[in-house]
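Just below is one structure, and these are the notes that go with it.
Numbering (the working numbering), first residue to last: 534 to 1083.
Quick look at the structure:
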């Protein structure tokens, strides 16, 4: 007596058509590789900001409702996501019986997330941004969400329609890959960082003390004696594709040894390497540059000045008064020139002021809001600052001008790969007790911990941040304001900070920062008075700013 084969065995023994073979290749190769590549990118970049927005919002929601360190929670959440994706990729690759259902479930989930992200973005920022904005699934250089949705949808359709529903196999591959995924959660190595010691901000000539401060507050920068001879080096045979100067490394070195300086076009002044010079890099559409020139170069200075224009501006040119200055420009490919490729990319903000004596760089200012750094390159006195106590009831005691008080703890010596901003429960506590705030560049303005200050965390490519600054901070300020940029903005979409009267700093570059922007804080004598994370809540925002109170 013969028995008829079961449907499952019939499906497994039936000859596979070309369409079925294509479906299996897309399932075990395409889907597994697609998910595995996403896990690889997440593991190498280890940046929670690159997760899809809806996933990040869910993690933030959970984080605010459990008593756990935000950074630890986000780190292990990211590890878990990577471990799950590793398990899914390997299980789909190796399992015959469960590959199809795992692929359909996973890709369906991905499509739902992408569709939700595009709909919410379209509702707030328009359809164009919805289809062109990256979802973060493949890291910082990933594809737009719309492209990811099409790829996920195509793979989902192939798994659903081209792969047989009845395939035999054991659960062993799934169990083995599950174990591998769990091991990966603990094995993924989070990148570690250490802070670079801050170079001396105030530079003094060995024979003079232009800052007027004591040696304790203004340590000298000692450079080896150097006599520069010979003409200025000729232009390089081949220019760099990208110039990204490490300005602090210039200090104590000849200007002529710097690649960016060699990219200055034209003949250099004959006495450039004799005496005191200021070399100013600026862009012709830079409002901050214009303000700097008006304040410091509208009349002739005692130092010689070399004004170097960075030729990559896109906006309308504005006046840059520079009386008695020598003017040059960085190299660029002019219109009509052929065979020279594209102009170099100059990846630095302007203005940048370089002070040098006898051709040796003695100081660099890359941040005008840093009073000490700014004053040092101009040879002006630097005012001593004192720290206000964190307890408002404690009277302020001004120390002697020859001593300094540690006003700000500064960043930790060892940095994590990312930091999560957690503001709940911080009202009434010192700002210095907030771990996220300690990652602000250690160049706080004078008297930052005295009196009432407004602090704004923002991103330079954030439309809502720009609207906030334009609306409330573009004119005269009732309270001194510090704007802190999160340094992960897209340079191509960055907008200038419209707050001319603000002190402008950035978070330390290196770690990733998990924070929705903008966020507004008010502090009084260093104590947090209020926090506004939803600036669309006008009542809370205006109550915190107190701009309308007498």
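Yeah, the Cβ is synthetic: ideal placement off N, Cα and C, and Gly gets one too. All of these numbers come straight from a predicted model, not from anything done at the bench.
Does DSSP put residue 1036 in a helix, in a strand, or in coil?
Residue 1036: strand per DSSP, three-state reduction.
Judging by CA-CA distance, which residue of 851, 1053 and 1027 is the nearest neighbour of residue 882?
Looking at the Cα atoms, 1027 is the closest of the given residues.
Using alpha carbons as the reference points, say which of 765, 1070 and 822 lies closest to residue 843.
It is 822 whose Cα lies nearest to the Cα of residue 843.
Counting C-beta neighbours from all protein chains within 10 Å, is the total for residue 892 16 or more, i.e. buried, or is it exposed?
Label assigned to residue 892: buried.
Just to confirm my understanding: we take residue 925, look at its own chain, exclude 5 residues before and 5 after, and list those with CB closer than 8 Å. What are they?
Its pLDDT being 39, under 50, residue 925 is placed unreliably by the model, and the measurement read from it follows with that caveat. Only 1057, 1058 and 1060 meet the Cβ criterion.
Which residues bound the alpha helix (DSSP H) around residue 831?
Looking at the DSSP string, residue 831 is not in any alpha helix (DSSP H), and its letter there is neither H nor E.
Compare the beta carbon distance of residue 836 and residue 805 with 8 Å and say whether it is the shorter of the two.
No.
Look up residue 1054 in the DSSP assignment and give the residues it is bridged to.
DSSP, once it has assigned bridges, lists 988 and 1064 as partnering residue 1054.
First and last residue of the beta strand (DSSP E) that includes residue 895?
From DSSP, the beta strand (DSSP E) with residue 895 extends over 893-898.
Using a 10 Å radius around the Cβ and a threshold of 16 neighbouring Cβ atoms, would you call residue 1069 buried or exposed?
Its Cβ having fewer than 16 others within 10 Å, residue 1069 is exposed.
Over the uninterrupted alpha helix (DSSP H) stretch that includes residue 1071, give me the two end residues.
Note, residue 1071: alpha helix (DSSP H), 1071-1078.
So if DSSP puts residue 809 in a beta bridge, which residue, or which two residues, is it bridged to?
Residue 809 pairs with 890.
State the start and end residues of the unbroken beta strand (DSSP E) segment that holds residue 1018.
Its beta strand (DSSP E) spans residues 1014-1018.
Any contact of the segment 557-564 with the segment 691-700, i.e. 3+ C-beta pairs under 8 Å?
With the cut-off at 8 Å, the segment 557-564 and the segment 691-700 touch.
Report the rounded CA-to-CA distance for residue 886 versus residue 1078, giving the unit in angstroms.
Taking the straight line joining both Cα atoms gives about 34 Å.
With DSSP collapsed to three states, give me the class of residue 878.
It is a strand residue.
Using a 10 Å radius around the Cβ and a threshold of 16 neighbouring Cβ atoms, would you call residue 716 buried or exposed?
Exposed, by the Cβ-count rule.
Taking the alpha-carbon of residue 958 as reference, which of 1054, 1036, 1000 and 980 has the nearest alpha-carbon?
Closest option to residue 958, Cα to Cα, is 1054.
According to DSSP, residue 885 sits in a beta bridge with which residue or residues?
Per DSSP, 814.
For residue 862, list the residues DSSP reports as bridge partners.
Its beta-bridge partners are 842.
Which residue comes first and which comes last in the alpha helix (DSSP H) that contains residue 693?
Here the alpha helix (DSSP H) through residue 693 covers 678-694.
Taking all protein chains shown into account, decide if residue 608 is buried (16 or more other Cβ within 10 angstroms of its Cβ) or exposed.
Counting Cβ neighbours within 10 Å, residue 608 comes out buried, since at least 16 surround it.
Residue range of the alpha helix (DSSP H) that residue 952 falls in?
No alpha helix (DSSP H) holds residue 952; the beta strand (DSSP E) holding it covers 951-953.
Could you tell me the alpha carbon to alpha carbon distance between residue 754 and residue 941, rounded to whole angstroms?
Here the model assigns residue 754 a pLDDT of 39, short of 50, so the residue's position is not dependable, and the following value carries that caveat. One C-alpha to the other measures close to 23 Å.
Identify the continuous beta strand (DSSP E) that holds residue 1046 and give its terminal residues.
Here the beta strand (DSSP E) through residue 1046 covers 1045-1047.
Between the beta-carbon of residue 1010 and the beta-carbon of residue 1034, is there less than 8 Å?
Against a cut-off of 8 Å, the Cβ pair of residue 1034 and residue 1010 comes out as a contact.
Give the single residue among 792, 1019, 991 and 707 whose Cα lies nearest to the Cα of residue 772.
Comparing Cα positions, the closest option is 792.
Which word fits residue 550, buried or exposed, when buried means at least 16 other C-beta atoms lie within 10 angstroms of its C-beta?
With fewer than 16 other Cβ atoms within 10 Å, it is exposed.
Terminal residues of the continuous alpha helix (DSSP H) containing residue 603?
Taken as a continuous stretch (DSSP letters only), the alpha helix (DSSP H) holding residue 603 covers 603-627.
CB-CB under 8 Å to residue 820, same chain, minus the five flanking residues each way: which ones, in chain order?
Excluding sequence neighbours, residue 820 sits near 851, 1029 and 1033.
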